[in-house]
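Heads up: the structure comes next, in structure tokens.
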Amino acid sequence: MVIASDGKPYADDAVGDLQDVAQRRKKQPPNDRRPLRRKPAGTDRRLQLKPAKLGHGEERDQSSRRRFEGEARGPRDDEAKNGTWGTIVDHVPFEGTAGALSPLQRLEGSTMTLREMEVFRRILNKTAESPTAETGRVSSRLDAAPEFPEALRPLVDEAKDLQAQKAKEMSSKPQQQSASTGAQLAPRAQEYLSSTRKLMDTARTEAALWDVLQTKVFQKVESLQLESRHKPSGGMIRDLNVLTATLPTLLLHFMTLIETSFPRSSLGVMLLPALEKRGPSAFALGATTGLFNHHMSFLYKQYSDLDAIVEILAQMDKNVYNFNSDTRELLAMIFDDADAASSGQAGPALEALWSTDRRQRALTKLRAWDKVVVQRLHADAIRLANEKQVLDEDADEPEELSSQA
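Numbering of the sequence shown is given in UniProt numbering, commencing with residue 1 and proceeding in unit increments.
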């Protein structure tokens with residue numbers, strides 16, 4: 001055992017290091033020698049890495065992320081204490097039974113961003129507080145929302161199944177009364193849809209059409225306070241169900257009217273940003289693949305902005321909005337115009353415009369996205385064909401069993 005000057009023993013694994021240092025110090029001039037620092041007993045000889053220093057911008061990003069995580073997790077912790085969501089546990093991969101966890105617990109540790117998880121939590125929270133006993137079904141704001149991001153669909157379906165089972169256990173009202181009340185929901189939504197579309201159709205100017213969208217649609221969205229953490233009232237729940245079934249249709253109808261009645265209007269590129277300003281919940285509720293396609297069409301026809309179209313395609317892919325045949329047709333139209341301009345068929349001005357470096361770079365990115373769109377459409381076609389084959393085989397099984405009997 002080697003004893004230091006202060007009387008404390010060196011660790012056995014550090015003796016070799018001290019002997020090597022002593023040998024090197026003998027060979028160094030006296031002025032170059034540095035004081036020895038004793039290695040505490042029990043320390044590891046492995047390399048100790050120090051955290052890298054962050055720049056000013058990185059520190060700000062880290063601070064913002066910690067603040068955002070605190071805001072996102074704080075309400076969930078409160079809800080866990082109040083018994084709303086049950087006990088929140090840390091995510092441990094492949095441990096426990098997956099079926100015993102709630103949809104929110106299964107999201108822990110997934111690849112979803114904090115913003116997407118918070119949106120899903122709020123949507124699920126609004127759904128859990130809906131009056132299921134009065135409507136005879138799980139009153140969900142995800143019902144009838146076309147083309148909702150595919151990554152959330154399995155969790156949404158599972159959440160609705162769990163809530164439906166809970167509603168059956170807690171419901172004490174007769175089933176007939178629930179069915180009669182639930183039947184009144186569809187006419188109410190249909191009445192709102194018809195009246196709002198009629199106001200849009202009779203608008204004589206683009207300003208009047210935009211005013212209808214603001215007063216009859218966006219103000220209704222804002223009144224629901226989708227980003228609020230307070231418990232919604234019964235009236236807000238009914239309005240939420242109506243808006244769930246009608247918002248995507250009304251937004252697409254607005255875009256169609258702008259395209260047909262006011263083709264030179266710039267309002268076509270203002271709708272999607274206006275919807276996004278209403279918050280992530282409202283955006284998830286109203287945004288569809290068709291709305292993205294209309295937006296990109298206006299970007300091209302009004303401004304010929306290829307870079308903006310590239311950004312929209314990336315946004316669709318990031319948020320898991322499916323591409324469809326209309327997306328492919330828009331890209332094909334852009335490529336046809338580019339080929340016509342490069343060959344001189346569209347005139348020297350357009351030929352010079354399409355030959356710029358910026359436009360050529362954007363075209364290269366669009367052609368790469370076109371390959372992705374074609375691959376997705378091909379995969380969807382194969383999936384639908386396989387599903388149809390399975391359904392046909394299931395339909396043929398009863399006939400075979402009856403013939404054998």
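Glycine residues also receive a C-beta, built at the ideal position from the N, C-alpha and C atoms.
All values derive from a computational prediction rather than experimental measurement.
Going by the beta-carbon positions, is the gap between residue i and residue j smaller than 8 Å?
i, j, result
"GLY286", "LEU247", "yes"
"VAL212", "LEU199", "yes"
"LEU226", "LEU291", "no"
"LEU306", "ALA362", "yes"
"HIS253", "ARG204", "no"
"PHE262", "GLU206", "yes"
Looking at the secondary structure, which residues open and close the alpha helix (DSSP H) in which residue i lies?
i, result
"ASP326", "325–342"
"ASN319", "Per DSSP, ASN319 belongs to no alpha helix (DSSP H) and is neither H nor E."
"LEU285", "280–286"
"ARG188", "185–201"
"ALA274", "271–277"
"LYS220", "219–224"
"LEU291", "289–303"
Between residue i and the rest of its own chain, which residues show a CB-CB distance below 6 Å, the 5 nearest in sequence each way excluded?
i, result
"GLN389", "none"
"HIS294", "MET255"
"PHE283", "LEU275 and GLU276"
"LEU271", "none"
"PHE323", "VAL373 and ARG376"
"LEU391", "none"
Report the rounded CA-to-CA distance for residue i versus residue j, giving the unit in angstroms.
i, j, result
"TYR303", "GLY344", "21 Å"
"MET296", "ARG229", "34 Å"
"ASN319", "ALA186", "30 Å"
"LEU267", "ARG188", "29 Å"
"ASN386", "ILE309", "33 Å"
"LEU366", "LEU353", "17 Å"
"ALA52", "ASN241", "Below a pLDDT of 50, predicted positions are generally treated as unreliable, and ALA52, at 47, falls in that range; the measurement from the model is reported next regardless. Rounded to whole angstroms, ALA52 to ASN241 spans 50 Å at the Cα level."
"ILE334", "VAL373", "14 Å"
"SER194", "ALA379", "37 Å"
"ASN82", "THR249", "Note on ASN82: pLDDT 47, under 50, position unreliable in the model; the coordinate value appears next. Roughly 38 Å separates the two Cα atoms."
"ASP337", "TRP369", "17 Å"
"LEU330", "LYS231", "43 Å"
"MET316", "THR202", "33 Å"
"SER355", "ALA340", "12 Å"
"GLN375", "SER233", "46 Å"
"LYS371", "ARG264", "31 Å"
"THR244", "ARG278", "15 Å"
"residue 440", "SER325", "The displayed coordinates of the chain run from 1 to 405. Any statement about residue 440 would go beyond what the structure contains."
"SER223", "SER281", "13 Å"
"MET236", "GLY347", "57 Å"
"GLN360", "SER342", "11 Å"
"ILE312", "PRO273", "11 Å"
"ARG328", "ALA395", "34 Å"
"TRP210", "LEU257", "11 Å"
"ALA314", "GLN214", "28 Å"
"THR288", "TYR321", "7 Å"
"ALA381", "ALA332", "19 Å"
"PRO146", "LEU384", "Here the model assigns PRO146 a pLDDT of 45, short of 50, so the residue's position is not dependable, and the following value carries that caveat. If I take the Cα positions, the gap works out to 17 Å."
"LYS301", "THR364", "19 Å"
Can a CB atom of chain B be found closer than 8 Å to the CB of residue i?
i, result
"VAL217", "The question asks about chain B, but that chain is absent: this structure has only one protein chain."
Looking at the structure shown, is residue i part of a helix, part of a strand, or coil, going by DSSP?
i, result
"ALA385", "helix"
"LYS231", "coil"
"PHE262", "coil"
"ALA346", "coil"
"THR205", "coil"
"THR356", "coil"
Between which residues of its own chain and residue i is the CB-CB distance below 8 Å, once the five residues before and five after are set aside?
i, result
"GLU259", "GLY268, HIS294, SER297 and PHE298"
"ARG358", "ASP307"
"ALA208", "none"
Excluding five sequence neighbours on each side, which residues of the same chain lie with their C-beta closer than 7 Å to the C-beta of residue i?
i, result
"LYS220", "ASP239 and LEU243"
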